[in-house]
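>
Residue numbers (the numbering used here): 15 to 500.
1) What residues in its chain sit with their C-beta under 7 Å from that of residue 185, if we drop five residues either side in the sequence?
2) Look at the alpha carbon of residue 203 and the alpha carbon of residue 448, and state the distance between them as a whole number of angstroms.
3) What residue from 337, 206, 175 and 190 has the CA that sits closest to residue 228's CA?
4) Just the C-alpha distance for residue 365 and residue 409, rounded to the nearest angstrom, thanks.
5) Taking the alpha carbon of residue 294 as the point to measure from, which residue in 362, 427, 213 and 234 has its own alpha carbon closest?
6) Please give me, in chain order, every unbroken run of the alpha helix (DSSP H) with length at least 4 that falls completely inside the stretch 180 to 226.
7) Can you give me the start and stop residues for the alpha helix (DSSP H) that residue 282 sits inside?
8) Can you tell me whether residue 443 is buried or exposed, with buried defined as 16 or more other CB within 10 angstroms of its CB?
9) Do residue 153 and residue 374 come within 8 Å of each other at the CB atom, strictly closer than that value?
10) In chain order, what residues of the same chain lie with their CB nearer than 7 Å to the CB of residue 275, ignoring the 5 residues before and after it?
11) Return helix, strand or coil for residue 169, following the three-state DSSP convention.
12) Please work out which residues of its chain come closer than 7 Å, Cβ to Cβ, to residue 160, disregarding the five sequence neighbours upstream and downstream, and give them in chain order.
13) Taking DSSP as the reference, what is the three-state secondary structure of residue 426?
14) Got a sec: is the Cβ-Cβ distance from residue 149 to anything in chain B below 8 Å?
15) Check for me: the alpha helix (DSSP H) holding residue 150 runs from which residue to which?
16) To the nearest angstrom, how far is it from the Cα of residue 421 to the Cα of residue 360?
17) Could you tell me the alpha carbon to alpha carbon distance between residue 334 and residue 342, rounded to whole angstroms?
18) Spatial neighbours of residue 177 within its chain, please: C-beta separation below 7 Å, excluding the five flanking residues on both sides.
19) When you compare the CB positions of residue 244 and residue 183, do they come within less than 8 Å of one another, or not?
20) At which residues does the alpha helix (DSSP H) containing residue 240 begin and terminate?
21) Express the C-alpha separation of residue 206 and residue 429 in angstroms, rounding to a whole number.
22) Taking the continuous alpha helix (DSSP H) assigned at residue 365, which residues delimit it?
23) Taking the alpha carbon of residue 241 as the reference point, which residue from 197, 367 and 130 has its own alpha carbon closest?
24) With 16 other CB atoms within 10 Å as the buried threshold, where does residue 38 fall?
25) Would you decide whether residue 262 is buried or exposed? Buried here means 16 or more other CB atoms lie within 10 Å of its CB.
26) Measure the CB-CB distance between residue 398 and residue 369 and report whether it falls below 8 Å.
27) What does the alpha-carbon distance come out to for the pair residue 404 and residue 427?
28) On the three-state DSSP scale, how would you describe residue 163?
29) Leaving out five residues before and five after residue 118 in sequence, what residues of the same chain have Cβ atoms less than 7 Å from its Cβ?
30) Can you tell me whether DSSP reads residue 354 as helix, strand or coil?
31) Have a look at residue 419 and residue 283 and give me their C-alpha separation to the nearest angstrom.
32) Can you grab the Cα-Cα spacing for the pair residue 579 / residue 130, in whole Å?
33) Just the Cα atoms here: how many angstroms apart are residue 336 and residue 392?
34) Could you check which residue in 287, 357 and 269 has the C-alpha nearest to that of residue 395?
35) Excluding the five sequence neighbours on either side, which residues of its own chain have a C-beta within less than 7 Å of the C-beta of residue 287, listed in chain order?
36) Hey, how far is the Cα of residue 280 from the Cα of residue 432?
Following this line, the structure appears as structure tokens:
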């Protein structure tokens, strides 16, 4: 072992450890020379190096004074320390030099990715907007305050939103019978018909959007559900159509089920959350030997459907039931003395109330916000106008006398239905036109309205006065006649 005094003088004897240290430090010194730009950076960068060299001198002194056994372990630890220090210096210098380039590349990458995401989101939103009338909607949250009978099916689940609910499972067997009957009447194989449904199944699934009820259903379950539900709906419509008079004995049980639950099924298949994509129904209709009149069910509603009334009567506007049967037919017609507001009469049963609520909900989901769209908000306008004519349940009685509202519901039930439903409905174009016409009528006939309102309010008093006057005149005439005879 070398003399310790020699180590203090800086003369380190030849040793493999010294060679290793010099090899570790040499790249660091060379790297510092390349990156030196000014005196300040030289001082900053050489400080760690001087510290490392001092550690080397200290290690040399320790090596000379230490025993032979632990020396290799200490040499290995010191060698690892110096290598780590050199790597840290080299790494920190590289990071300082390249940080601008890294930031620039990252920003460009982020900007490009963000642009692509925004463009994709905008395109998807545009497609969804144009297909809003084809999509399968949920009942609007703004109308959820309505009773559940207007939202959830009572007999049959159509589509995935209410599929699998316990009280609807019994009808799943009936769907299989309907599918067998549909296949039999079409004269085609079940493989061919089911294959047609599978071809449009992906498009049908997209119309449900990202709803969790659909996302959790695999194609193995989704495709048969579309097939059976579509067969059920078409068989039901075929059964209740006016043209379908004769039934085969093989479907007697199915016919009985449809007939005995007709009102409930009609209500269920008209629910907003109980619908099928039209592409699926259309795919099966290609196999029908007799075309199904799908619009027939809407016409059946006309047989059972379609400011306060007192205030309108005060200003000389009378209510009249129109014969058109269209919700859009609502208007003020001016006569020589009186105005006339015509409306489609409404027979309001529990089923029809359910249909109206879901038709209004569909308009809420699909309206574009364009107030010039008469047909897009026809039902909302009609409901809002009828609701305007009701201030209390006694007003319903007046509407019944004018044959504008009929049906099995009580006056209180009719009143509650309209007031609850119309609270969150959008303002329709037809409704605004009627309100504008009423305002113009009041402005143009203000003098006549004052006279008419006075007569309307005090008609009973005036009639009583005239009747009393009439009686007095009669008595006076009688007295005069008696006096003449005397």
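By construction, the Cβ of each residue, glycine as well, lies at the ideal position given by its N, Cα and C atoms. None of these values were measured; they are calculated from a predicted model.
This is what the structure gives:
1) Excluding five sequence positions before and after residue 185, the CB atoms of its chain that fall closer than 7 Å to its own CB belong to 169 and 170, given in chain order.
2) Rounded to whole angstroms, residue 203 to residue 448 spans 55 Å at the Cα level.
3) 175 is the residue among 337, 206, 175 and 190 whose C-alpha sits nearest the C-alpha of residue 228.
4) Approximately 23 Å, taken between the alpha carbons.
5) Put simply, of 362, 427, 213 and 234 the residue whose alpha carbon is nearest the alpha carbon of residue 294 is 213.
6) You should have 185 to 200 and 204 to 220.
7) DSSP places residue 282 inside the alpha helix (DSSP H), whose first and last residues are 276 to 283.
8) So residue 443 counts as buried.
9) Cβ distance not < 8 Å, so residue 374 and residue 153 don't count as in contact.
10) Here the set comprises 169.
11) Coil at residue 169, not helix or strand.
12) Once the five neighbours on either side are set aside, the close Cβ partners of residue 160 are 371, 434 and 435.
13) It is helical.
14) As a matter of chain content, chain B is missing from the structure shown, which is built from one protein chain.
15) No alpha helix (DSSP H) holds residue 150; DSSP gives it neither H nor E.
16) Between residue 421 and residue 360, the alpha-carbon positions lie close to 8 Å from each other.
17) Distance between the alpha carbons of residue 334 and residue 342 is about 15 Å.
18) 171 and 239, listed in sequence order.
19) Between residue 244 and residue 183, the CB-CB gap reaches or exceeds 8 Å.
20) Counting along the chain, the alpha helix (DSSP H) containing residue 240 begins and ends at 233 to 254.
21) If you draw a straight line from the Cα of residue 429 to the Cα of residue 206, it is about 51 Å long.
22) Residue 365 -> alpha helix (DSSP H) spans 364 to 380.
23) Ranking the options by Cα distance to residue 241, first place goes to 197.
24) Only weak support exists for where residue 38 lies, its pLDDT of 47 falling under 50; the value from the coordinates is given anyway. Looking at its Cβ environment, which holds 16 or more other Cβ atoms inside 10 Å, residue 38 is buried.
25) Residue placement at residue 262 is flagged as unreliable, the pLDDT there being 48, under the threshold of 50; the coordinate-derived value follows with that caveat. By the 10 Å Cβ count, residue 262 comes out exposed.
26) No. Outside cutoff.
27) Going from the Cα of residue 404 to the Cα of residue 427 covers about 12 Å.
28) It is helical.
29) Residue confidence is low: residue 118 scores 48 on pLDDT, short of 50, so the model does not pin down where it sits. Its coordinate-derived value is still stated next. Within the same chain, no residue comes within 7 Å of residue 118 by CB-CB distance, once the 5 residues on both sides are set aside.
30) DSSP places residue 354 within a strand segment (E or B) once states are collapsed to three.
31) Taking the straight line from one Cα to the other gives about 25 Å.
32) The question about residue 579 has no answer, for the chain in this structure spans 15 to 500.
33) Going by the C-alpha atoms only, they are around 15 Å apart.
34) Sorting 287, 357 and 269 by C-alpha distance to the C-alpha of residue 395 places 357 at the top.
35) So the qualifying residues of the chain are 152, 153, 165, 175 and 176.
36) Each residue's Cα considered, the two are about 21 Å apart.
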